[in-house]
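Quick note: the sequence shown, position 189, residue 189 per my numbering, numbers continuous.
Beta carbons: idealized from backbone N, C-alpha and C, even for Gly.
These numbers come from a predicted model, not from an experiment.
Only one structure is covered here, and it is reproduced in the block below.
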Amino acid sequence: MPFTRPRILYVTDLAYEARGRRYCDEDIYLASRLREEFDLALCHPRDAAALLDAFDAVVVRNSGPVQGYEAAHAAFRERATERGTRVYNQLTGRADMIGKQYLLDLTAAGYPVIPTVDRAEDLHRLPAADEYVVKPRLGADSAGLGIVPAGRVAEALDGAGDLLVQPRVDFAYEVSFYFVDHDYQYALYAPHPDRRWQLEPYDATVADLDFARRFIEWNGVDHGIQRVDACRAPGGELLLVELEDLNPYLSLDALDEAARDAFVTALRTALRRLLAG
């Protein structure tokens with residue numbers, strides 16, 4: 001019997017445990033909603049390269065940090081690029097998809113981002129602070145992140161080569177803006193800085209969205225879900241914390257039913273657009 005609906009390989013790690021989040025619940029929900037329109041199969045990221053030939057498109061969702069399966073991820077990227085597979089998110093992202101280098105690039109280009117350097121001799125370029133955040137260049141999900149007092153930050157960077165450093169910002173709150181392709185969907189924020197994943201709906205202003213869209217435009221990902229994470233600095237301005245363009249967690253459980261339905265509709269439309277490409 002011939003296939004009559006597009007076939008999608010949905011890449012996720014349902015067993016991955018993330019602090020403060022239920023990745024598996026989100027993917028079970030999204031997969032169930034996408035099945036209403038597509039023939040869909042779930043697979044672990046380690047299996048994606050071997051299976052993608054049988055599908056019309058691949059959707060990469062909550063697959064966990066790639067550090068846990070680097071070789072498999074590299075094989076998937078190579079195989080998908082080689083055969084021209086339609087991948088969502090597309091594999092050309094310039095942000096978290098390839099590490100934290102973008103924080104250095106955006107700092108150098110004058111974007112509103114938490115200032116970032118990677119060499120002890122460049123520490124003078126950062127605002128003075130009592131403490132600094134040190135994070136791996138290829139880190140994810142806060143793995144390897146540390147807080148270092150000002151007197152030890154040069155020592156932490158000395159000879160490391162793979163670390164980034166930023167001033168620790170005393171921000172009022174963190175806020176995330178969610179996009180499907182280049183279309184804004186919703187925003188959520190953590191009103192309590194010490195509870196990052198206790199999120200509530202956020203009414204984004206025109207200025208907020210102008211801020212977030214600058215990074216979406218910079219990244220140039222035409223097909224994919226992106227999350228712009230920012231903090232409200234002491235001066236009232238927003239500063240970029242991260243630009244998630246690989247497999248951003250969506251916190252759909254923080255939305256009401258109407259907002260979740262709207263997101264699913266936007267994602268289905270985006271996938272139809274990708275498949276028609």
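How do the segment 219-232 and the segment 240-247 stand: do at least 3 beta-carbon pairs fall below 8 Å, yes or no? Touching, yes.
Residue range of the alpha helix (DSSP H) that S32 falls in? Indexing the sequence shown from 1 puts residue 32 at position 32. Counting along the chain, S32 sits inside the alpha helix (DSSP H) bounded by residues 23-34.
Along the chain, where does the alpha helix (DSSP H) that runs through D181 open and close? On the sequence shown, position 181 is the one that residue 181 refers to. Under the DSSP assignment, D181 falls outside any alpha helix (DSSP H); it carries neither an H nor an E label.
Name the DSSP beta bridge partners of G323, please? This structure cannot speak to residue 323, because the chain is shown only from 1 to 277.
Give every residue of the same chain whose Cβ lies closer than 8 Å to the Cβ of I8, excluding the five residues on either side of it in the sequence, and list them in chain order. For the purposes of this step, residue 8 is identified with residue 8 of the sequence shown, where counting begins at 1. Only L34, F38, D39, L40, A41, F55, D56, A57, V58, V59, L271 meet the Cβ criterion.
Find the nearest neighbour of P65 within the set F179, R46, L52, P112, judged by alpha-carbon distance. Counting from one through the sequence shown, the residue named residue 65 turns up at place 65. Measuring from the Cα of P65, the nearest candidate turns out to be R46.
What does the Cβ neighbour count give for G224, buried or exposed, with the cut at 16 atoms within 10 Å? The residue you call residue 224 lines up with position 224 of the sequence shown. Around the beta carbon of G224, a 10 Å sphere encloses 16 or more other beta carbons of the protein chains shown; the residue is thus reported as buried.
May I have a chain-ordered list of the alpha helix (DSSP H) segments no shorter than 4 residues that lie completely inside the segment 52-93? Whole alpha helix (DSSP H) segments, 4+ residues: 70-83.
Can you give me the start and stop residues for the alpha helix (DSSP H) that Q101 sits inside? For the purposes of this step, residue 101 is identified with residue 101 of the sequence shown, where counting begins at 1. Judged by DSSP secondary structure, Q101 falls within the alpha helix (DSSP H) whose first and last residues are 101-108.
Thinking C-beta only, is T12 closer than 7 Å to R61? As a first step, residue 61 is located in the sequence shown; it is residue number 61 there, counting from the start. As a first step, residue 12 is located in the sequence shown; it is residue number 12 there, counting from the start. Yes, they are a contact pair.
Close Cβ partners of L278 (< 8 Å) along its chain, the five nearest in sequence each way excluded: Nothing can be reported for residue 278: it is not among the residues displayed for the chain, which extend from 1 to 277.
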